[in-house]
Amino acid sequence: MSEDEFQEALKKQPLVNIGTSGHVDHGKTTLIEALTGVWASRHSEELKRGITLKIGYADTAIYKCPKCPPPQAYYTSATMPKDGKCKYCGSPLEFVRKVSFIDVPGHEMLMSIMLAGAALMDGALLVVDATKECPQPQTREHFTALSIIGVRNLVIVQNKVDVVSKERALESYNEIKKFIAGTWAENAPIVPVSALHKANIDALVWAIEEYIPTPRRDFSKPPRMFVIRSFDVNKPGTNAKDLVGGVLGGTIVQGRFEVGHEIEIRPGIKIKKDGQEVYEPVYTTITSLKTGDQPLEKAYPGGLVAVGTTLDPSVTKADNLIGNVVGYPGTLPPTLYDLEIEVNLLERVVGLDKPMKVEPVRAGEILMVNVGTALSIGAVTSVRDNVAHMKLKIPVVAETGTRVAISRQLAGKWRLIGYGFVK
């Protein structure tokens, strides 16, 4: 892809995914709203309970004043004046790029969903509540998850500074510095904000621009997308002639998709064959591509893309195809019912109030694995030289070297204990 093509794509769709992570109730969804103007938790149960249950998403564009110094030079679509001019000097604001924010749950029981979201992240905002001691259990767990998945572009957001004293804000800052000392993130910026009052958001946008760049991907590879949502977008009572096909939502990780092309979805849907339940790939045609409200003829890696298809909407409704991988027919990795993983265990279980040593993986135990956006549970059939063999309940699509997050059930809850690589 030429530089001109890259710049043109940059104007039409986000080419970078920025996740929010951190403990429940630290203000991640409120922060995304301050940045984008969009409340990312859209599910009815989320609105009722006031917490994130599914992966949310929201896009925005970043603008910069050509004359003012940072941080006040930076704006987003949600914070810029309606006339498109800098509120300090009146200069017309210049477009920088579009970005996509991924909102993941902070609750300990939803860690598997957070791991699926982390698989899509090019960078992350680790949100810390200044009113509470750092780290909270899921602050530590989410930071470990980012480490395992390989996210290395990080901005730490010290939220709720509007409701603490100056002394507590400084104490909170020092707690954060101590938490990240000696880690890959020890030099990450810490930006104090009030997401609720939208205070210091310009400084946060500046830090995002400095520390979370748009990655350059290989557009020449066969296209591949991880599915994170799937929908039936037809409203009840729609006439049969007006029905549209099912929609897949996710992120393209390589190559590019185009309207009109045929695609394969793996592992696909569950069917009965010879008396056994197996998964069969699904084939369909792309009828539309969209990012936010922007229709596309071609969709590139990064950002969250909605792919319209000719599938029966019953196949995609209620997130039925979460965890699937999409590509052109014949280009996808194999569907694996048996998984061989080179295991790397953490020293301690994260996410608990009290430290607990991670015990070795044992034959016969049940583990949960996250592979891309796919989640599966399987029985360990054998372990030798840190290589575990698993029989999966739900197959995954992966090639050699794919990173896997590993969790074990402890006290009735799945806890992150390590990571591995598909052999």
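For the sequence shown, the working numbering gives the first residue as 4, with consecutive numbering after it.
Ideal placement from N, C-alpha and C gives every residue a C-beta, glycine not left out.
Item                                                                                                                  : Value
Three-state secondary structure (DSSP) of I325                                                                        : coil
Boundaries (first-last residue) of the alpha helix (DSSP H) holding Q141                                              : 140-152
For Y60, the three-state DSSP class (helix, strand or coil)                                                           : strand
Residues of its chain near K201, where Cβ-Cβ distance is below 6 Å and the 5 sequence neighbours each way are ignored : A37
CA nearest to the CA of V130, picked from Y176, S168, L123, P239                                                      : Y176
Own chain partners of V41 with C-beta closer than 6 Å, once the 5 adjacent residues on each side are dropped          : A61
Per DSSP, the bridge partner or partners of V250                                                                      : F234, G311
P239, DSSP secondary structure in three states                                                                        : coil
Nearest to F307 (by Cα), restricted to the options A127, L18, A12                                                     : One point to set straight first is that residue 307 is Leu, not Phe, in the sequence displayed. L307 has its Cα closest to that of L18, out of A127, L18, A12.
Helix, strand or coil at I215 [DSSP, three-state]                                                                     : coil
Contact under 8 Å by Cβ, V107 with T23                                                                                : yes
Collapsed DSSP secondary structure at N177 in the structure displayed                                                 : helix
Enclosing beta strand (DSSP E) for L370 [first to last residue]                                                       : 369-374
Cutoff 6 Å; reference P284; Cβ partners in own chain excluding five residues on either side                           : E267, R269, G271
DSSP bridge partner residues for N347 (one or two, in chain order)                                                    : Y422
C-beta atoms of V400 and T312 nearer than 8 Å                                                                         : no
Top-ranked residue by Cα proximity to D205, from L413, G25, I21, P73                                                  : P73
Distance, P332 Cα to L314 Cα                                                                                          : 16 Å
E11, DSSP secondary structure in three states                                                                         : helix
For P140 and L349, believed in contact at Cβ under 8 Å, the rounded distance                                          : Contact doesn't hold; Cβ gap of about 14 Å is too wide.
Cβ distance (whole Å) where G404 is taken to contact V390 below 8 Å                                                   : Their Cβ separation, rounded to whole angstroms, is 14 Å, which puts G404 and V390 out of contact at 8 Å.
Boundaries of the alpha helix (DSSP H) in which S317 is found, first to last residue                                  : 316-319
Range covered by the beta strand (DSSP E) that runs through A408                                                      : 406-413
Pairwise C-alpha distance: T186 and K416                                                                              : 27 Å
Assigned secondary structure, W209 (DSSP; H/G/I helix, E/B strand, else coil)                                         : helix
Exposure of T287, with buried meaning 16 or more beta-carbon neighbours within 10 Å                                   : buried
Where L50 falls, given that 16 or more other Cβ within 10 Å makes a residue buried                                    : With a pLDDT of 34 at L50, under the threshold of 50, the modelled position of this residue cannot be trusted; read the value that follows with caution. Looking at its Cβ environment, which holds fewer than 16 other Cβ atoms inside 10 Å, L50 is exposed.
Local Cβ density within 10 Å of S168, reported as buried at 16 or more and exposed below that                         : exposed
Which of helix, strand or coil DSSP assigns to T55                                                                    : In this prediction, T55 has a pLDDT of 34, which is less than 50 and means its spatial position is unreliable; what the coordinates show is noted afterwards. Looking at T55 - three-state DSSP - the assignment turns out to be coil, as it is neither helix nor strand.
Three CB pairs or more closer than 8 Å across the segment 216-231 and the segment 239-259                             : yes
DSSP state of F182 mapped onto helix, strand, coil                                                                    : helix
Residue environment, T294, which counts as buried when at least 16 other CB atoms sit within 10 Å                     : buried
DSSP state of K31 mapped onto helix, strand, coil                                                                     : helix
Buried versus exposed call for E265 [16 or more other C-beta atoms within 10 Å across all chains shown]               : exposed
Beta carbon of L96 nearer than 8 Å to that of Y66                                                                     : yes
Beta-carbon proximity list for A76, same chain, < 6 Å, skipping 5 on both sides                                       : K67, C68
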